[in-house]
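What follows is a single structure, written as structure tokens, with notes after it.
Protein chains in written order, with the numbering used here: chain A, 1 to 370; chain B, 1001 to 1250.
As structure tokens, then:
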């Protein structure tokens, strides 16, 4: 059954004291499983949530001198459905990091969004823009840290613009409470010969949705997208990636992995679009899932849409369990069953973690997830 | 050290071992030979506790702290920590787990059980490289994922390296010679022989007599259709090499 957004409890709670523009969203459909984008992730619990709008800024380390409050980069604001519209209403301006052309920033920049128990029951709509000027290089760690904040909604939008020859390595870490909601949007626009290397980590939430869109708009651009869902209990995580090959001669590579224990659920939906002009595209995508429990569930849907005729593309997905022979082998060497399982799980994530190339970023990632 | 009496065991409902009896004492090397499908690998898996194999009857005892103890039902890692080791016929590949890390975890797991202090990574590195020299193993081995993209010969050497690191009381070598050329076999056999002592015992499972030229057994047993049908000294292996198994079977 389709209901409208304004019939949800969430709408009522957010609308108090908000301007007309919010009311304009009222008639938009509330996503349900009939909506292809929300087929495997139920928003029923979010619809029932009461969240009072609130705001809190990102906190920056090592990057004060690059901060501005510049308006949104217009060309990067695509229409993006209900949650993106909500973000723009509640967060009309956003914080921005602007790295000047030609500058190489050696220290990893750190951007933290921290919430705690005093934020319980609130909704947050942070907005962030990162721009790297021509030939600039940077490494950035972005952490959403709300372990102890229950019943919150984070609806964030991150816009990233890479000018020609810019190089960014970005690690995003999402650490939520099991009873929280996060709908995260990251939109990347890459120009000629720019490079992005990205890693996204989440251990899930009541509802966690990651929308990552990358537009390869000019020749020679390259994007490497990696992620890990590390889920247990009744946690859930849903990553939707979309790589849009607009220009010829660009490369994209994706590796997303999930570990599922308990009654957790993971969704991966990866779409690659190779437009007619995007000849000589190289595009790869792989989603691998490790089920540790009979009650966990994975839905994975890699999609390729190719309109150019001279391209190299592949995609795939696997779902497996711990291998009994591997466990036996480790046990015959004296390693206890639990430690053997841990060793195999670490082995499973090893290659995707090693996709993080900057040692400082990797250290921060390992600390956050240990 | 090991006492097997009238042992019956099955896998996936098929009974493979049908009354095996075998006694092994410290200091002894036993060879088990037999045609394909006679139950040689099953025996090694039952002794080490593979979860897919069920013991249907008989006695399986091993010396723990001076007491012959029933080990049926004990986890493979418990048996390993008490000094039972299996060199696999087909060593298992473990992606993402560096050989060095695995070896140290294994060594420390066994050591902890016996009240030894854990070895730190630097001391352990020195300790392992010593052992690697005997087996003429490549330096890069320690950084590689366990058994992944190892050649057949490298995998077998790796098994013997693990044996050298753990120094087991009872080692079962399951067709350690298969897939080895003669030079590699000599190196592996040399590695095994350096580990022979009065305090430990070995069971060498093999198809062919040639490995027994290098690892000299005290006893040779012929396993056929889940039973030991003949036991003897080293001569028995030579006779089998010469005449095959037919004369024993009929």
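Glycine included, every Cβ here is placed at the ideal spot set by N, Cα and C.
Identity of the residues DSSP links to residue i by a beta bridge
| i | result |
| --- | --- |
| residue 1062/B | 1002/B, 1069/B |
| residue 138/A | 168/A |
| residue 94/A | According to DSSP, residue 94/A bridges with nothing at all. |
| residue 61/A | 110/A |
| residue 176/A | 146/A |
| residue 1133/B | Residue 1133/B is not bridged to any residue. |
| residue 208/A | 182/A |
| residue 245/A | 216/A, 274/A |
| residue 1227/B | 1224/B |
| residue 287/A | 256/A, 317/A |
Other residues of its chain near residue i: CB distance less than 7 Å, five sequence neighbours each side excluded
| i | result |
| --- | --- |
| residue 116/A | 148, 149 |
| residue 1011/B | 1042, 1052, 1053 |
| residue 193/A | 164, 165, 220, 221 |
| residue 1191/B | 1134, 1135, 1160, 1164 |
| residue 354/A | none |
| residue 1209/B | 1237, 1238, 1240, 1241 |
| residue 340/A | 327, 330, 331 |
| residue 1277/B | What the structure shows of chain B is the stretch from 1001 to 1250, and residue 1277/B is not part of that stretch, so it cannot be assessed. |
| residue 357/A | 169, 197 |
| residue 138/A | 99, 105, 109, 132, 168 |
| residue 1229/B | 1222, 1248 |
Min CB distance residue i to chain D below 8 Å
| i | result |
| --- | --- |
| residue 332/A | In the structure shown, chain D cannot be found, because the protein chains are A and B. |
Nonlocal neighbours in the same chain, by C-beta distance under 6 Å from residue i, ignoring five residues either side
| i | result |
| --- | --- |
| residue 366/A | none |
| residue 243/A | 214, 252, 272 |
| residue 1036/B | none |
| residue 364/A | 141 |
| residue 160/A | 130, 188 |
| residue 282/A | 251, 312 |
| residue 212/A | 186, 241 |
| residue 121/A | 151 |
| residue 6/A | 26 |
| residue 75/A | Residue confidence for residue 75/A is low, a pLDDT of 41 falling below 50, so the modelled location carries little weight; the figure read from the coordinates is stated next. Cβ within range, chain order: n/a, list empty. |
| residue 78/A | Confidence is the limiting factor: at residue 78/A the pLDDT is only 46, short of 50, which leaves the residue's position unreliable and the question unanswerable from this model. |
| residue 83/A | 155, 183 |
Contact under 8 Å by Cβ, residue i with residue j
| i | j | result |
| --- | --- | --- |
| residue 124/A | residue 152/A | yes |
| residue 46/A | residue 86/A | no |
| residue 1083/B | residue 1157/B | no |
| residue 1003/B | residue 1061/B | yes |
| residue 297/A | residue 333/A | no |
| residue 1044/B | residue 335/A | no |
| residue 1095/B | residue 347/A | yes |
| residue 184/A | residue 199/A | no |
| residue 1085/B | residue 1180/B | no |
| residue 203/A | residue 162/A | no |
| residue 1162/B | residue 1103/B | yes |
| residue 317/A | residue 143/A | no |
| residue 224/A | residue 41/A | no |
| residue 57/A | residue 14/A | no |
| residue 176/A | residue 218/A | no |
| residue 210/A | residue 238/A | yes |
| residue 1155/B | residue 1147/B | yes |
| residue 290/A | residue 259/A | yes |
Cut-off 8 Å between Cβ atoms - residues of its own chain near residue i, not counting five sequence neighbours on either side
| i | result |
| --- | --- |
| residue 1219/B | 1028, 1029, 1030, 1031, 1231, 1232, 1233 |
| residue 1019/B | 1006, 1007, 1008, 1058, 1226, 1227 |
| residue 305/A | 271, 272, 273, 274 |
| residue 1125/B | 1100, 1142 |
| residue 351/A | 255 |
| residue 1187/B | 1135, 1136, 1157 |
Distance between beta carbons of residue j and residue i, contact taken as under 8 Å
| i | j | result |
| --- | --- | --- |
| residue 1024/B | residue 1201/B | 5 Å |
| residue 279/A | residue 246/A | Contact doesn't hold; Cβ gap of about 12 Å is too wide. |
| residue 277/A | residue 248/A | 6 Å |
| residue 114/A | residue 157/A | No, residue 114/A and residue 157/A are not in contact; Cβ-Cβ is about 18 Å, not under 8 Å. |
| residue 1145/B | residue 1097/B | 6 Å |
| residue 275/A | residue 308/A | 7 Å |
| residue 1108/B | residue 1118/B | 5 Å |
| residue 1173/B | residue 1122/B | No, residue 1173/B and residue 1122/B are not in contact; Cβ-Cβ is about 31 Å, not under 8 Å. |
| residue 112/A | residue 146/A | Not really, about 11 Å apart at Cβ, beyond 8 Å. |
| residue 1039/B | residue 1071/B | That belief does not hold up - the Cβ atoms of residue 1039/B and residue 1071/B are roughly 19 Å apart, past 8 Å. |
| residue 24/A | residue 4/A | Actually they do not touch by this definition, with Cβ atoms about 13 Å apart. |
| residue 31/A | residue 38/A | 4 Å |
Q: Could you name each continuous alpha helix (DSSP H) segment of 4 residues or more that falls completely within the segment 1072-1103 of chain B, going from the start of the chain to the end?
A: 1076-1081
Q: Go through the segment 1117-1175 of chain B residue by residue and report every complete run of the beta strand (DSSP E) that reaches 3 residues or more, in order.
A: 1170-1174
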